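Those protein sequences? They're chains A and B, same order as listed.
Just so we're aligned: 77 in UniProt numbering is position 77 of the first sequence, and the numbers increase by one with no gaps anywhere.
Just so we're aligned: 85 in UniProt numbering is position 85 of the second sequence, and the numbers increase by one with no gaps anywhere.
Backbone N, C-alpha and C define an ideal beta-carbon position, used for all residues, glycine too.
This one's a predicted model, so the numbers in the text were calculated from it and none came from an experiment.
Below is one structure, written out as structure tokens, with a few remarks after it.
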Amino acid sequence: MRPVLELGCNLGDVTHVTEILEVKRQKLMATSPLIEFRNVNFAYGTRPILKGVDMSISRGQVIAIMGGSGSGKTTLLRLIGGEIRPLVGSVSVAGQVVHELGRNELFKLRRKMGMLFQFGALFTDLSVFDNVAFQMREHTNLPESMIRDLVLMKLHAVGLRGAQHLMPAQLSGGMARRVALARSIALDPMLMMFDEPFTGLDPISLSVIGSLIRRLTDTLGMTSIMVTHDIQESLRIVDYVYFLADGVIAAHGTPDEVRASKVPFVHQFVHGEIDGPVPFHYQAQAYSQDLGIGVGSNA
Amino acid sequence: MLLVLLKSVPGFLRFRLITREIYYAGVMSLIIILVSGLFVGMVLGLQGYETLQKFGSESAVGTLVALSLVRELGPVIAALLFASRAGSAMTAEIGLMKATEQLAAMGMMAVDPIARIVAPRFWGGVFSMPLLAAMFSVMGVFGGYLVTVIFIGVDEGSFWSQMQSSVDFRYDIVNGVIKSCFFGVVVTAIAVFEGFDAPPTAEGVSGATTRTVVTSALAILGLDFVLTAFMFRGVS
């Protein structure tokens, strides 16, 4: 278990808090899984994306879903959020089959979810404060004074209380991601989804976002699913990793198991090897044939 | 369109959202509407005087300016300007919100983007259009007055009295307002649809914005003919 309050929150007995959170997390994990994929098949048009995915995600964990570009990682998040429906199989969240829910039930479920989009997706016509307050104003009848306090607490949690009056255009990429994180936890969701949270960030911002994901998951008792390519940062903060390749779960395990894995795909991915089970060359006819110089190989 | 109407109830419950859109679509379009109205009225006055004086009827120039404006030019030109200025802005804004995943984020926050983003813009445009058309016509009449009475020297009394006696409230002014309401619905419906339907790319948003202006212009002119045929047939 990592130190819980890496970013300098001033609590006296950090060890004690860590132990409490660990016990809380173990209790959560012991309950029924929060998310279950059962034989999920999905295709965009005629292009199959997922082919019989089975996956179970326990509560209180930080899960990373990894795989090459276009392997269907974001599709998994969209299936969980009910944006798209599986062709075959089902996705259950907190015991509810998502694609069977009516519009109102789906929206009710989404209120318990948060999603951090790749580039934050902040509302550009609203200030940082109003972005974080957005869900509170939409879904609750809280008085404005209480909303103000809650927004400041959320912004404080991501270290941007001082940026409350800024507009999204005035924020750096890392700051925008942190504001979006504060916005997505505004209603204390049970499930957080992160779509490429580390893309385009400098090392400091990347580390800050990674630490925040871990810390907020532990302190708020959430479950977090992270779609990412950043192997090093992910293995530092997650509890479990799923690798997606060719539409199926190619491998899965704890960070230590992943590091030690001899599975060719995992090995290539973790060590960033150019060629391997994921070929360098996109499928094509023979190179020599393309060049018109007779029969040959494509590599 | 039906979806927008069905999901308009939350917007009306929070009228603040609609007044904000009236500001952006209506108030922010005022400058171009007023200046254009003034010049159109001045040109009408000048051309009208040049033609009418050949028949010794230059005192009827007030009638010509007013009827041209309240029946046709006011609603039509104001709607064309509105489509270019506010309609294109609506499409670009909604299209960009889609391209930057703001609409998807809203949906994931269990907030319906049609109710929260599209419906207020639609109603903001619908409410703004008749007011802008009316202001265009008023400025046009003022422009005609400026050129014919102040600069050329047409008798002020006959300018206003002829206008007053020949402009009918029911047939001319009300029909003009009805036209502008139709144009408001058509232009904003096209604008919000194109924005919401735009492919989430730079090229997609650019194409949608162009389509808004072109489709709106054609729809306005076509619809104007149909409405005119229904409203003014048999009226002398």
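Check: Determine contact between the region 223 to 241 of chain A and the region 206 to 214 of chain A, defined as no fewer than three beta-carbon pairs at a distance below 8 Å.; Outcome: yes
Check: Which residue spans inside the region 82 to 159 of chain A form an unbroken alpha helix (DSSP H) run of at least 4?; Outcome: 103 to 110, 128 to 139 and 144 to 157
Check: In its own chain, which residues sit with a C-beta less than 6 Å from the C-beta of B:M204, not counting the 5 before and 5 after it?; Outcome: Rather than Met, the amino acid found at residue 204 of chain B in this sequence is Gly. Answer for B:G204: A198, listed in chain order.
Check: By the 10 Å Cβ neighbour count, where 16 or more other Cβ atoms means buried, how is A:R2 classified, buried or exposed?; Outcome: With a pLDDT of only 44 at A:R2, under the threshold of 50, the placement of this residue in the model should not be trusted; the figure read from the coordinates follows. Answer is exposed; the Cβ neighbour count stays below 16.
Check: Any chance you could list the beta strand (DSSP E) runs of at least 3 consecutive residues sitting entirely within the region 142 to 177 of chain B, in chain order?; Outcome: none
Check: Mapping DSSP to helix, strand and coil, what is A:M167?; Outcome: coil
Check: Would you kindly report the start and end of the unbroken alpha helix (DSSP H) that includes A:G253?; Outcome: Counting along the chain, A:G253 falls outside any alpha helix (DSSP H), though it belongs to the beta strand (DSSP E) covering V248 to G253.
Check: Determine the burial state of B:R233: buried for a count of at least 16 other Cβ atoms within 10 Å of its Cβ, exposed for fewer.; Outcome: exposed
Check: Using a Cβ-Cβ cut-off of 6 Å (strictly less than) and excluding sequence neighbours within five positions of A:V263, which residues of its own chain qualify?; Outcome: A251
Check: For chain B, find out if any of its Cβ atoms is closer than 8 Å to the Cβ of A:G81; answer yes or no.; Outcome: yes
Check: Thinking just about the alpha-carbon of each residue, which of B:F169, B:D168, B:G144 and B:F182 is nearest to the one in B:V40?; Outcome: B:G144
Check: Excluding the 5 residues flanking B:S236 on each side, which residues of the same chain have their C-beta closer than 7 Å to its C-beta?; Outcome: The predicted model places B:S236 with a pLDDT of 49, which falls under 50 and marks its position as unreliable, so this point remains unresolved.
Check: Against chain B, does A:M167 count as a neighbour if the rule is that its beta carbon must be under 8 Å from one of theirs?; Outcome: no
Check: Starting from B:V111, find everything on chain A with Cβ-Cβ shorter than 7 Å and list it in chain order.; Outcome: E138
Check: The alpha helix (DSSP H) with B:F230 in it runs from where to where?; Outcome: A202 to M231
Check: Taking the beta carbon of A:S71 as the centre, do at least 16 other beta carbons fall within 10 Å, making it buried, or is it exposed?; Outcome: buried
Check: DSSP three-state label for A:V53, please.; Outcome: strand
Check: Taking the straight line between their C-alpha atoms, what separation do you get for B:I155 and B:V27?; Outcome: Note that residue 155 of chain B is Asp in the sequence shown, not Ile. Looking at the two C-alpha atoms, the distance is approximately 35 Å.
Check: Check for me: the beta strand (DSSP E) holding B:E58 runs from which residue to which?; Outcome: Premise fails: B:E58 is in no beta strand (DSSP E) and is neither H nor E.
Check: Determine, for A:R47, whether the minimum Cβ-Cβ distance to residues of chain B falls below 8 Å.; Outcome: no
Check: Using CA atoms only, rank isn't needed, just tell me which of A:T217, A:A186, A:M175 and A:L187 is closest to A:F198.; Outcome: A:M175
Check: Quick check on the burial criterion: 16 or more other C-beta atoms within 10 angstroms. Buried or exposed for B:E194?; Outcome: buried
Check: Taking only runs that begin and end inside the region 67 to 142 of chain B, name each unbroken alpha helix (DSSP H) of 4 or more residues, in chain order.; Outcome: 74 to 82, 88 to 99 and 102 to 108
Check: When the Cα of A:F117 is compared with those of B:L103, B:M129, B:P113 and B:I114, which residue comes out closest?; Outcome: B:L103
Check: How would you list, in chain order, the residues of chain A whose beta-carbon sits under 8 Å from the beta-carbon of B:T228?; Outcome: Within 8 Å Cβ-Cβ: nothing; B:T228 doesn't reach chain A, min ~39 Å.
Check: Could you tell me whether any Cβ in chain B is nearer than 8 Å to the Cβ of A:F42?; Outcome: no
Check: With distance defined between alpha-carbon atoms, name the residue in A:D125, A:V62 and A:S58 nearest to A:G95.; Outcome: A:S58
Check: Indicate whether at least one CB of chain A lies closer than 8 Å to the CB of B:T100.; Outcome: yes
Check: Helix or strand or just coil, what does DSSP make of A:V278?; Outcome: coil
Check: If you reduce the DSSP assignment to three classes, tell me which class A:M190 lands in.; Outcome: coil
Check: Once the 5 residues before and after B:V70 are set aside, which same chain residues still bring their CB inside 7 Å of it?; Outcome: S137, V167, D172, I173 and G176
Check: Between the alpha carbons of B:E58 and B:V76, how many angstroms are there, rounded?; Outcome: 26 Å
Check: Is the Cβ of B:A104 closer than 8 Å to any Cβ of chain A?; Outcome: yes
Check: Count the other C-beta atoms from every protein chain shown that fall within 10 angstroms of the C-beta of B:K54, then say buried if there are 16 or more, exposed otherwise.; Outcome: exposed
Check: For A:H179 and A:L187, I'd like the C-alpha separation in whole angstroms.; Outcome: The question names His, but residue 179 of chain A in the sequence shown is Val. Going by the C-alpha atoms only, they are around 14 Å apart.
Check: Can you list the residues of chain B that A:P121 reaches, using a CB-CB cut of under 8 Å?; Outcome: Residue identity differs from the one stated: residue 121 of chain A is Ala in this sequence, not Pro. In chain order: T100, E101, Q102, A104 and A105.
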